[in-house]
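Student: Residue 65 is where the sequence shown starts when you use our numbering, and the numbers rise one by one after that. All C-beta atoms, glycine included, are put in the ideal place defined by N, C-alpha and C. Everything numeric in this text was worked out from a predicted model, so none of it was measured.
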Amino acid sequence: MDKLFETKISKSHYQTLYAYMSKSKYIETPEKLLDLFNDYRKHVKANPNIKADWVGKDATEVERKLEIPLTWDGFECYLSEKKVINDLGDYEANTDNAYSEYVEVIKLIKKFTGVDQFNGAAIGIFNANLMSRKLGLADKQEVKVDTFDITLNLK
65 MDKLFETKIS KSHYQTLYAY MSKSKYIETP EKLLDLFNDY RKHVKANPNI KADWVGKDAT
125 EVERKLEIPL TWDGFECYLS EKKVINDLGD YEANTDNAYS EYVEVIKLIK KFTGVDQFNG
185 AAIGIFNANL MSRKLGLADK QEVKVDTFDI TLNLK
């Protein structure tokens, strides 16, 4: 199992990260953010989840590699594990217009993650229902209900 997601985050670790990160921009340039995303992409695609499965009449155990979708949350976790930054919320929200030069790169990253999720769901690598919800797509059905009034006179 990949150690990236096995790390337990203690309160002191979080406080240390927060104190460290509250001083300046931790990702100096939009280009650096894109480089970090490309590192995350390579890491995720090179480290699939492993699932035990049993095949054949003798139930021979095999390991199946399952690709992991790229996600914004996964990218943030990757950056936190690498001790780059714990949260990209200020960058994403462009807090106080301090991160305006990052807006286009963040849009690009979100497009890459969305396309990866959609393509993976379209060819059956990822669960289509989960990905459609994550991407804000819905299978909506219109239900039309006719109503009418009934008057009863009871004596």
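Is DSSP giving A186 helix, strand or coil here?
Tutor: Residue mapping note: residue 186 aligns to position 122 of the sequence shown, counting from 1. In the structure shown, A186 sits in a helix (DSSP, three-state: H, G or I).
Student: So, at 6 Å on beta carbons, what are the nonlocal neighbours of L143 in its own chain, with the 5 sequence-adjacent residues on each side left out?
Tutor: Here residue 143 refers to the residue found at position 79 when the sequence shown is read from its first residue. I149, listed in sequence order.
Student: Just to confirm, are V118 and T177 a CB contact at a threshold of 9 Å?
Tutor: In the sequence shown, counting from the first residue as 1, residue 118 sits at position 54. In the sequence shown, counting from the first residue as 1, residue 177 sits at position 113. It is Trp, not Val, that sits at residue 118 in the sequence shown. It is not a contact, given that the beta carbons lie outside the stated cut-off.
Student: Can you tell which of Y155, L218, M195 has its C-alpha closest to the C-alpha of I132?
Tutor: Stepping through the sequence shown from its first residue, residue 132 is reached at position 68. Closest by alpha carbon: M195.
Student: Which of the three DSSP states is assigned to T124 in this structure?
Tutor: What you label residue 124 is simply residue 60 of the sequence shown in a count that begins at 1. Three-state DSSP puts T124 in a strand.
Student: Quick one: using the 10 Å Cβ neighbour count with 16 as the cut-off for buried, is S86 buried or exposed?
Tutor: Position 22 of the sequence shown, counted from the start, is the residue given in the question as residue 86. Here S86 scores only 49 on pLDDT, less than 50, and its place in the model should not be relied on; the value that follows carries that caveat. By the neighbour-count rule (16 or more Cβ atoms within 10 Å), S86 is not buried but exposed.
Student: Buried or exposed for D122, please, with buried defined as at least 16 other CB atoms from any protein chain shown within 10 angstroms of its CB.
Tutor: For the purposes of this step, residue 122 is taken as residue 58 along the sequence shown, with counting starting at 1. Exposed: under 16 other Cβ atoms inside 10 Å.
Student: I'd like the span of the beta strand (DSSP E) that includes N102, first residue to last.
Tutor: Here residue 102 refers to the residue found at position 38 of the sequence shown. Segment 94-110 is the alpha helix (DSSP H) holding N102; no beta strand (DSSP E) there.
Student: Using the three-state DSSP reduction, which class does D151 fall into: helix, strand or coil?
Tutor: The residue labelled residue 151 in the question sits at position 87 within the sequence shown. Three-state DSSP puts D151 in coil, outside helix and strand.
Student: Measure from the C-beta of A162 to each C-beta in chain D and report whether the shortest distance is under 9 Å.
Tutor: Structure shown: chain D not included; a single protein chain is present.
Student: Expressed to the nearest angstrom, what Euclidean distance is found between the alpha-carbon atoms of H107 and N158?
Tutor: As a working note, residue 107 is residue 43 in the sequence shown. As a working note, residue 158 is residue 94 in the sequence shown. Looking at the two C-alpha atoms, the distance is approximately 27 Å.
Student: Under the DSSP definition of a beta bridge, which residues are partnered with I114?
Tutor: Against the sequence shown, residue 114 aligns to sequence position 50. DSSP lists K129 as partners of I114.
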